[in-house]
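These notes are about the structure you will find just below.
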Amino acid sequence: MEYILNKAIETHNLTKEEIIILLNSDGQSLFAAADKVRQKYVGNAVHLRGLIEFTNICRCTCKYCGIRVENKEVSRYRMSPEEIISLAKKGSKSGFRTIVLQGGEDAFYTKDIMCNIIKEIKKFDVAVTLSIGERSFEDYKAFKDAGADRYLLRIETTDRSLYKNLHPNMDFDNRLRCLYDLKRLGYETGTGCLIGLPAQTIESLADDILFFKSLDSDMVGVGPFLPHSQTPLKDCQSGSFDLALKVMAITRLLLPDINIPATTAMETISPNGRLIALKSGANVFMPNLSGEEYASKYEIYPEKSGINASKSGIISEIEEKLHCIGREISSNKGFRNLKN
Ligand code: SAM
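One gets the working numbering by counting positions in the sequence shown from 1 and adding 1 to each.
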């Protein structure tokens, strides 16, 4: 263990076998090592990203997801461009330096509509992150030209047969194509995986981590799979918090200078899960700006807890929590490559 952790700290490279040993460990020295590496490379600042979940309409069939197209029980919503821009403006006024636009794959938001939204939001001097799924190279290029800075698209799992099984009518190679296109276009590119999917193995999680490294991902978000009662996986077990924390911590060791969020799913499965994640390698926090009405409808998994950041004074509330663990809110836009 000690040899593997020292090797990771010094070289930021591990073999698949070494990663498996860390994944099977009790995690305590791994978490401490990841915290040290986080401190050395990205410091004590925590970047806040204001999240707007602007549509829960989705054409996808992901078997684990509560807003999948086949779930007829969801009350669907779609924010107007004006509403999205106004929420982003409010977020920027209350101090958020990044706005994340996330949603289902909703054809209403054409290339032109998205470009217009991005251009308007960029006027507020914020970084813009998109997370709207698989699109064409042309769309990604247009969004980039309109001013988008980052893009989040989890690979979900690098195990091709598991991917196929969990994503009927979707194509693993297209998801890879998207990630390579995003990198090529100069986005800060984020990916990640779900932990504890049915039939997922420790070996495949080790492959996921090596994939993050090989892509040179700029952001990696991981979280436990949480079963949703209106999906085909409703009777499956939740993923483990500790295992998700270990995947996250190893990712920090291998990609020391990237941005790693303490995900909401971590908090949902374990009280204070996000603060624990921040002490085990994470340096990003994504409060929800959508407002309670929408947040409750964006139920990708049950009891999706989130800090409701649409209320006033939220930044100082978060600041207080962060101070308790010796951290502070970052004042810059939080790019991996420090371009402010
Ligand atoms: N449509 C976009 C995409 O595909 O990247 C963004 C929205 S999607 C709902 C955001 C993320 O939610 C997915 O990447 C997935 O990992 C996560 N997610 C969906 N269902 C989940 C579940 N039951 N438990 C935990 N995470 C889930």
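Glycine included, every Cβ here is placed at the ideal spot set by N, Cα and C.
- Residue range 51 to 56 is occupied by the beta strand (DSSP E) that includes residue 55.
- Here DSSP, grouped into helix, strand and coil, assigns residue 109 to coil.
- Annotated three-state conformation of residue 162 is helix, per DSSP.
- With respect to residue 257, residue 123 sits apart: the two C-beta atoms are not nearer than 9 angstroms.
- For residue 5, the secondary structure class from DSSP, reduced to helix, strand or coil, is helix.
- When secondary structure is reduced to three states using DSSP, residue 79 falls in the strand class.
- DSSP places residue 141 in the helix class (H, G or I) of the three-state scheme.
- Taking all protein chains shown into account, residue 268 has 16 or more neighbouring C-beta atoms within 10 Å of its C-beta and is therefore buried.
- When the five nearest sequence neighbours on each side are left out, the beta carbons in the same chain lying within less than 6 angstroms of the beta carbon of residue 133 are those of 104, in order along the chain.
- Bridge pairing for residue 329: 46 [DSSP].
- Uninterrupted alpha helix (DSSP H) stretches at least 4 residues long and entirely within the segment 251 to 290 occur at 265 to 270 and 274 to 279, given in chain order.
- By the Cβ rule, the segment 308 to 318 does not count as touching the segment 63 to 78, because fewer than three pairs are nearer than 8 angstroms.
- By the Cβ criterion, the segment 233 to 249 is not in contact with the segment 175 to 183, since fewer than three pairs of Cβ atoms, one from each stretch, lie closer than 8 angstroms.
- The Cβ neighbour count for residue 245, taken over all protein chains shown within 10 Å, is at least 16; the residue is labelled buried.
- Taking a contact as a CB-CB distance under 8 angstroms, the pair residue 337 and residue 284 does not count as one, their CB atoms being some 11 angstroms apart.
- Sorting 305, 151 and 176 by C-alpha distance to the C-alpha of residue 274 places 305 at the top.
- Annotated as distal: residue 230 and residue 55, with beta-carbon spacing of 9 angstroms or more.
- DSSP places residue 178 inside the alpha helix (DSSP H), whose first and last residues are 173 to 185.
- Residue 254 sits close to residue 10, with the two beta carbons spaced by under 9 angstroms.
- Counting along the chain, residue 135 sits inside no beta strand (DSSP E), nor does DSSP assign it H or E at all.
- Rounded to whole angstroms, residue 198 and residue 214 show a C-alpha spacing of 21 angstroms.
- Residue 152 is bridged by DSSP to 131 and 190.
- Per the coordinates, the alpha-carbon of residue 226 lies some 29 angstroms from the alpha-carbon of residue 329.
- Ranked by Cα distance from residue 331, the first of 14, 38, 25 and 44 is 44.
- In the structure shown, residue 40 falls within a helical segment according to DSSP collapsed to helix, strand and coil.
- Between residue 310 and residue 125, the CB-CB gap reaches or exceeds 9 angstroms.
- In this structure residue 247 touches residue 31 by the C-beta definition: roughly 6 angstroms separates them, less than 8 angstroms.
- Taking a 10 Å sphere around the C-beta of residue 149, we find 16 or more other C-beta atoms and assign the residue as buried.
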